[in-house]
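Data block below; observations after.
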Amino acid sequence: MATLLRRSLRPLRAFRGHPRPAADVPLRATSHGAGLLYPEHIPTSLVQKALLAAGSAGMALYDPYRHDMVAVLGETTGYRTLKVLRDQMRRDPEGAQILQERPRISLATLDLGKLRSLPEDSFGREYLRFLDVNRVSPDTRAPTRFVDDEELAYVIQRYREVHDMVHTLLGMPTNILGEIVVKWFEAVQTGLPMCILSALFGPIQLSAQSLQVLVSELIPWAVQNGRRAPCVLNLYYERRWEQPLRALREELGITEPPRRVEGLA
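Using the working numbering, the letters of the sequence shown map in sequence onto residues 220 to 484.
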């Protein structure tokens, strides 16, 4: 048993020591040696994936800000759902173009000067304001490692890299309450087990006041918007920077949040 555990957890040691990839390089099916499907790929067995899923789930529930563990959980539990999302993208003209061109979102690919020059109410300017106010960077998104299909690896990478765009569309900050609301929206939109678990168990850490607001107002709003909006993975955000945020929300059927949540936790 001890030998089995050591072998199963070996991928996590590789995960910790792996260098970050160039975030402006599209994931493509090329030969990378040693059975690797893309540069950061770490092949794992079903037993290894199960152990990784269990360990990462425990850590992610204990500390929702352990984005590395949330990433591992998503990759080791979402294979079937990622195939459904990939097929949805293939059937959508904009989504199919994203799958074909494989755009990446990082500081290396974003023209920050252009975003700052856009009108105040534009989606691009509001996205940049979100990054500045919340002190977050698109470069903090973990690279995909444990998905054994290079196209599906890109799908989950794209999901991670547009996460801040979803925050901007929903008007949600990066505090715990804001993240939970976004996870409810994403759970309805994607069906990813990681999103569902975060949506269900994340509220454990909330205060009584925030929990009451979440249950009575924010969850119904997030679920309603998640059901009404088209799949956010089919939106070529990089070509929508100049579009007014209000017009983009109207196009997607996303309404204003019922209340501000910056002061709640």
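All residues carry an ideal CB built from backbone N, CA and C; glycine is no exception.
query: Of all the options MET413, GLU436 and PRO476, which has the alpha carbon lying nearest to the alpha carbon of HIS286?; result: MET413
query: From GLY343, MET391 and SER336, pick the residue whose C-alpha is nearest to that of ASN353; which is it?; result: MET391
query: Is it buried or exposed, VAL480, if we count other Cβ atoms within 10 angstroms and call 16 or more buried?; result: buried
query: Going by beta carbon distance, what residues of the same chain come within less than 6 Å of ARG344, once the five residues before and after it are set aside?; result: LEU337
query: When the Cα atoms are used, what is the spatial distance from TRP460 to GLN408?; result: 22 Å
query: Going by CA-CA distance only, name the one from VAL401, SER325, SER435 and VAL434 that's closest to ILE473.; result: VAL401
query: Work out the CA separation of GLY297 and ALA269 for me, nearest whole Å.; result: 12 Å
query: Near ALA361, what residues of its chain come up, given a Cβ to Cβ distance below 6 Å and the 5 sequence neighbours on each side ignored?; result: ASP287 and ALA290
query: Anyone know if the C-beta pair for GLN376 and ILE395 falls short of 8 Å?; result: no
query: At 3 residues or longer, and completely inside the segment 330-376: list those beta strand (DSSP E) runs for me, N to C.; result: none
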